[in-house]
Amino acid sequence: MRAHPITFSLPALYFQTYPYLSHSSDATISALALRASSPKPPSSYELLGQRVQRLVASANARQQRKIELTPAPDDSLEDWERLVDEFATLNGVEITRTGESYLVSWNPAEVGE
126 MRAHPITFSL PALYFQTYPY LSHSSDATIS ALALRASSPK PPSSYELLGQ RVQRLVASAN
186 ARQQRKIELT PAPDDSLEDW ERLVDEFATL NGVEITRTGE SYLVSWNPAE VGE
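Last residue of the sequence shown: 238 in this note's numbering, with the numbers rising by one and none dropped.
As structure tokens, this is what we get:
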């Protein structure tokens with residue numbers, strides 16, 4: 126099973142994956158395709174993305190246009206580095222290290238919210 130890379134979809138800063146699903150030539154899903162497309166457990170990075178998605182989706186975060194992200198003790202350092210790097214590439218999104226946490230803020234005019 127192949128999946129698109131995790132992407133940020135602003136304005137909500139949602140992480141999503143889109144698994145491919147194989148179809149047979151007559152457009153029906155074959156039993157083999159169903160087995161091949163069985164969801165595999167999310168990666169640690171995908172789990173981190175889901176956690177960020179829940180925070181961003183909160184009414185308070187959407188109103189204030191910012192969230193504070195704090196790594197959990199069992200989070201992967203590599204996942205956090207990747208997350209910070211990806212946020213840094215987004216227009217209208219600012220990420221600032223605040224001790225053990227990160228403050229992520231966004232400007233709706235720049236990100237199309």
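Using N, Cα and C, we set each Cβ at its ideal position, and we do this for glycine too. Here the structure is a predicted model, which means the values were calculated and not measured.
- Shown here, LEU194 sits in a strand according to DSSP, grouped into three states.
- Its Cα nearest to that of ALA234, the residue ARG190 stands out among ARG190, GLU171, LEU180 and ALA182.
- When the beta-carbon positions are compared, ASP204 and SER169 come within less than 8 Å of each other.
- Here GLU171 is actually not in contact with THR195; their C-beta atoms are around 19 Å apart, not less than 8 Å.
- Counting C-beta atoms within 10 angstroms of its own C-beta, ALA186 has 16 or more neighbours from the protein chains shown and is therefore classed as buried.
- Taking 8 Å as the upper bound for CB-CB distance, ASP200 and LEU173 are in contact here, some 6 Å apart.
- The three-state reading of DSSP puts SER169 in helix, counting H, G and I together.
- DSSP places GLU203 inside the alpha helix (DSSP H), whose first and last residues are 202–213.
- LEU202 is classed as exposed because its beta carbon has fewer than 16 other beta carbons within 10 Å across all chains shown.
- Rounded to the nearest angstrom, the gap between the Cα atoms of ILE220 and ALA213 is 7 Å.
- By the neighbour-count definition (other C-beta atoms within 10 Å, threshold 16), LEU208 is a buried residue.
- With a cutoff of 8 Å on beta-carbon distance, LEU215 and GLU193 are scored as not near each other.
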